[in-house]
Structures are given as C-alpha cells and as structure tokens.
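Residue numbering for the sequence shown follows my numbering, starting at 102 and increasing by one per position.
Glycine included, every Cβ here is placed at the ideal spot set by N, Cα and C.
Quick caveat: nothing in here was measured; it's all calculated off a predicted structure.
Reviewing the structure listed below.
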Amino acid sequence: MDKIFTTERELRFGDCDISGTAYFPSYLDILNSVNEEFWAVMGFPWHHIIWNERWGTPTVHLSCDFSKPSFFGETLRFELGVVKVGRSSVTVRHRISCGEEIRWSSTQVLAASDLDKHISIAWPDAMREALETRLATPEELGF
102 MDKIFTTERE LRFGDCDISG TAYFPSYLDI LNSVNEEFWA VMGFPWHHII
152 WNERWGTPTV HLSCDFSKPS FFGETLRFEL GVVKVGRSSV TVRHRISCGE
202 EIRWSSTQVL AASDLDKHIS IAWPDAMREA LETRLATPEE LGF
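Right, dumping it as structure tokens:
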C-alpha cells in the first residue's frame, strides 16, 4: 500500500478572489474535502461514521505555509501522509503542488470525537488499524 494518498482538485472561480488568485479560506475548504476523500478510501466515509456511528474527526490543530500563489483554472495535486497516530488523534501532513511546483503545505491534527457528548474518544480498532498501516515518517514521505 502506498503511504501517500494523492488526489487532485481544479481551482474553480469560487475558490479565487477577483484577481483569479486562490483565496486561502477556500484552500481550507478544499483541504477538508481531501480529508473526507482520504477517509472514504480507507473505508470510513464520513456520512457513515457521522450519521450511523456518531463520531467525527474535527481539526484540533492546523498550520499552513503558503509558498506560491495558485490561480483560477489550475489543477492542484494534494498529497496526504499520516505521521503520528495517538489514542484519539492523528497528525497528517499535506503537500500541495501544481505540476512540479510546491504551492503550500500543512500539518493538521484531527481527533476522534463523540458527536453527542462532544468529548474525545479512542479510535475504533478498525480505524486505528487503517491509520497505522499508512503511518510513515516525514523522511519517508518526503514532506
């Protein structure tokens, strides 16, 4: 199994400001959709875990470094790697590029949370196993 999850997103008109430059709040919305796709690929679609199992994965920490602007119509490649799995949290790294040019990067911590009690919970066993199979060091990921 590849340790890096990769997907692409085209920057749409609504993702950009009037000059055609990607607007950073839209970046975060896109990043969230990438996370949602990653969970589905692992076998844990959000619509199922949220509505049927009543747990979710809110972001509890997020840092971003923007190195180059992106523009309306460009296709961005999102790479996601799991670098740490805790009792109820996971740290993921993101690298976002266009062609060979890195545009921005992010480190994000998500936590398993009971959606009714609003408290952190331990990862369900199957989820922990899925995350641990993708676990890699930043050196192994290359970002």
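Practice task
Mind the definition here: the stretch 189 to 207 touches the stretch 140 to 151 only if three or more C-beta pairs lie below 8 Å; say whether that holds.
Solution key: Touching, no.
Practice task
Quick one: residues in its chain with C-beta nearer than 8 Å to the C-beta of S207, no 5 flanking neighbours on either side, listed in chain order?
Solution key: On the sequence shown, position 106 is the one that residue 207 refers to. Once the five neighbours on either side are set aside, the close Cβ partners of S207 are L132, L163, S164, C165, D166, R194, H195, I197.
Handout entry: Spatial distance of M228 from T160 (CA atoms)
Key = For the purposes of this step, residue 228 is identified with residue 127 of the sequence shown, where counting begins at 1. For the purposes of this step, residue 160 is identified with residue 59 of the sequence shown, where counting begins at 1. Cα-Cα distance, rounded: 17 Å.
Problem - Whether R110 touches F172 by CB criterion (8 Å) - result: Reading the sequence shown from its first residue, position 9 is the one you call residue 110. Reading the sequence shown from its first residue, position 71 is the one you call residue 172. Not in contact: R110 and F172 (Cβ atoms no closer than 8 Å).
Exercise for the section: Compare the beta carbon distance of F106 and L181 with 8 Å and say whether it is the shorter of the two. Expected result: Here residue 106 refers to the residue found at position 5 of the sequence shown. Here residue 181 refers to the residue found at position 80 of the sequence shown. Yes, the pair counts as a contact, with Cβ atoms nearer than the cut-off.
Exercise for the section: Output yes or no for whether 8 Å exceeds the beta carbon distance between W156 and S214. Expected result: Numbered from its first residue, the sequence shown carries residue 156 at position 55. Numbered from its first residue, the sequence shown carries residue 214 at position 113. Taking the C-beta atoms as reference points, S214 is found nearer than 8 Å to W156.
Handout entry: Continuous beta strand (DSSP E) stretch holding D166: start and end
Key = For the purposes of this step, residue 166 is identified with residue 65 of the sequence shown, where counting begins at 1. First-last of the beta strand (DSSP E) with D166: 160 to 167.
Exercise for the section: Identify, in the order they occur along the chain, each residue of the same chain with its Cβ nearer than 7 Å to the Cβ of H56, setting aside the five sequence neighbours on each side. Expected result: Residue 56 lies beyond the stretch modelled for the chain, which goes from 102 to 244, so this question has no answer here.
Exercise for the section: Verify whether the separation of the beta carbon atoms of S189 and I222 is less than 8 Å. Expected result: Here residue 189 refers to the residue found at position 88 when the sequence shown is read from its first residue. Here residue 222 refers to the residue found at position 121 when the sequence shown is read from its first residue. Between S189 and I222, the C-beta gap is smaller than 8 Å, which places the two residues in contact.
Practice task
Since I believe K104 is in contact with A237 (beta carbons under 8 Å), could you give me their beta-carbon distance rounded to a whole number of angstroms?
Solution key: By 1-based counting over the sequence shown, the position of residue 237 is 136. By 1-based counting over the sequence shown, the position of residue 104 is 3. Yes, they are in contact, since the Cβ atoms of A237 and K104 sit about 4 Å apart, within 8 Å.
Handout entry: Candidates P225, E241, L129: closest to V183 by CA position
Key = One-based indexing of the sequence shown puts residue 183 at position 82. Residue nearest to V183 within the set P225, E241, L129 is E241 (criterion: CA-CA distance).
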